[in-house]
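Below you'll find the structure, written out as structure tokens, and then a few comments.
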Amino acid sequence: MRFLDAKNLEEYLTPKEAVKAVKEAFLMYYKGEISQPQRQVLTIKGNWWGIMPSFTAFSVAVKIVNVINDNPKRGLPSVQGVVALFSPDTGELISIMDGTVLTAIRTASASVLSTEIAYGNKINTLGIIGAGMEAYYHAKIAQGYLSVSRILVSARKSHIELAKKINADAVDLEKLLKESDVVYATTSSKTPVVIGNLMKNDFHVSSIGAHTPDSREIDDETIRKSKTFIVDSLEAVSKEAGDYIQPKSSGLLDDKKVLEIGKILAEGIKVERPSIFKTVGISAQDNITAYYAYKLSQTSSR
């Protein structure tokens with residue numbers, strides 16, 4: 134049994150390997166080659182917890198993950214988790230991994246993959262809203278996989294520190310939205326931080342926060358301006374994402390192309406912009422990314 138900590142995961146899951154892993158995960162999910170029962174969602178002491186199982190012909194994974202809103206005050210990442218990887222043939226536990234970093238890497242890689250298929254690999258200005266672990270890994274994966282000329286960072290606090298760490302410019306939210314071609318929203322906000330009236334006419338947005346029906350990262354005007362609304366899983370966002378549930382119920386998505394990212398990849402569909410990618414995270418991503426990390430660790434130790 135292998136234990137893979139944060140350092141191991143960063144070593145094995147390079148931006149290229151991580152994006153490759155989530156791409157395979159979305160394709161397998163769309164083709165029905167991976168089974169993932171609906172995740173069990175719990176509220177413990179006012180915080181969100183999720184238990185996420187999935188299995189393929191070659192891997193069984195279970196992730197326990199949570200979002201502890203007060204953790205930043207404690208100097209801890211808001212997202213905590215662990216991933217257990219099993220053999221479907223013998224039932225053996227083959228690896229335990231740092232679920233916090235694995236989640237950050239696979240989530241950032243999904244945003245970067247959505248950018249590649251919707252906008253391309255060359256980005257003039259990338260805006261990152263938020264300054265936590267997800268914001269850091271979004272910058273890290275984007276800089277390692279895409280060609281990014283400039284990064285802008287905005288958050289309620291700590292974005293100046295993050296900007297120095299990733300060689301970006303710390304700016305206010307209005308400047309970020311007005312100047313960015315691609316925007317990654319990585320916040321714990323329950324009210325919109327992506328404001329359509331401030332956005333360019335051509336953009337791509339990836340929103341990874343607001344994973345409850347009553348919370349939003351993207352406002353209605355941004356959705357009105359968009360032509361394509363991409364999701365990781367229609368089943369998942371229809372149950373969990375306010376950014377999908379609310380505009381869907383009000384009719385804002387009626388004239389949009391609403392597509393799962395796996396379908397776009399499998400069928401080679403050209404994405405019309407402006408575009409939005411809404412992800413709540415699915416077990417398939419954890420399973421395949423964990424399996425990649427495990428196999429790469431085996432190769433490395435030989």
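Counting from 134, one number per residue, gives the positions in the sequence shown under the working numbering. We treat Cβ as the ideally placed atom computed from N, Cα and C, and that holds for glycine. The structure displayed is predicted, hence computed values, not measured ones.
Under a Cβ-count criterion, where at least 16 other Cβ atoms within 10 Å of its own Cβ denotes burial, should residue i be classed as buried or exposed?
i: GLU368; result: exposed
i: GLU294; result: exposed
i: GLY260; result: buried
i: PHE159; result: buried
i: PRO221; result: exposed
i: GLY208; result: exposed
i: PRO148; result: buried
i: ALA151; result: buried
i: ARG289; result: exposed
i: SER242; result: buried
i: GLN169; result: buried
Let me know the secondary structure DSSP gives residue i once reduced to three states.
i: ALA303; result: strand
i: PHE159; result: helix
i: VAL413; result: coil
i: ALA217; result: strand
i: LEU392; result: strand
i: THR233; result: helix
i: GLY260; result: strand
i: SER211; result: coil
i: ALA374; result: coil
i: SER366; result: coil
i: ILE356; result: helix
i: ALA251; result: helix
i: GLN173; result: strand
i: VAL152; result: helix
i: HIS292; result: helix
i: SER228; result: strand
i: LYS206; result: helix
i: SER339; result: strand
For the ligand ZN, I want to know if residue i counts as a neighbour, meaning its beta carbon is within less than 7 Å of at least one of the ligand's heavy atoms.
i: THR147; result: Only the bare structure without any ligand can be found here, which leaves the ligand ZN out of the picture.
With distances taken Cα to Cα, identify the nearest neighbour of residue i among the options.
i: LYS196; options: PRO210, SER348, GLY224 and ILE229; result: ILE229
i: LYS298; options: THR223, GLY265 and VAL364; result: GLY265
i: ASN180; options: ILE167, ALA399, SER187 and VAL200; result: VAL200
i: ILE363; options: ALA251, GLU400 and GLY342; result: ALA251
i: LYS389; options: LEU285, ILE409, GLY401 and ALA399; result: ILE409
i: VAL212; options: GLN418, GLU267 and LYS149; result: GLU267
i: ASN300; options: LEU306, LYS411, LYS290 and SER282; result: SER282
i: LYS164; options: SER366, ASP138 and SER322; result: SER366
i: THR189; options: SER433, TYR425, ALA417 and TYR427; result: ALA417
i: PRO186; options: ILE167, ASP203, LEU386 and ASN204; result: ILE167
i: MET332; options: SER322, ASP314, THR324 and SER348; result: ASP314
i: ILE421; options: VAL193, ALA139 and TRP182; result: VAL193
i: SER244; options: GLU144, LEU386, ALA154 and ILE402; result: ALA154
i: VAL215; options: TRP182, LEU385 and GLU312; result: TRP182
i: ASP302; options: TYR162, ILE262, PRO205 and PHE191; result: ILE262
i: ARG406; options: ALA139, ASN334 and ASN204; result: ASN334
Can residue i and residue j be called in contact, C-beta distance under 8 Å?
i: SER430; j: ARG135; result: yes
i: ILE328; j: LEU309; result: no
i: LEU279; j: THR248; result: yes
i: LEU146; j: TYR427; result: no
i: TYR377; j: LYS323; result: no
i: SER287; j: ASP305; result: yes
i: ALA374; j: VAL413; result: yes
i: LEU142; j: ILE238; result: yes
i: LYS156; j: LEU398; result: yes
TODO: Please determine if the segment 160 to 180 and the segment 246 to 256 are in contact, where contact requires at least 3 C-beta pairs separated by less than 8 Å.
DONE: No: fewer than three Cβ pairs fall under 8 Å.
Open item on the list: Taking contact to mean 3 or more Cβ pairs, one atom from each stretch, closer than 8 Å, check whether the segment 268 to 275 and the segment 348 to 364 are in contact.
Closed with: As far as the Cβ criterion goes, the segment 268 to 275 does not touch the segment 348 to 364, which means the pair count is below three.
Open item on the list: Any contact between the segment 221 to 236 and the segment 341 to 353? By contact I mean 3 or more CB pairs, one from each, below 8 Å.
Closed with: Result no; under three Cβ-Cβ pairs closer than 8 Å.
TODO: Examine the Cβ distances between the segment 317 to 324 and the segment 338 to 346 and report whether three or more of them are shorter than 8 Å.
DONE: Because the criterion of three Cβ pairs below 8 Å is met, the segment 317 to 324 and the segment 338 to 346 touch.
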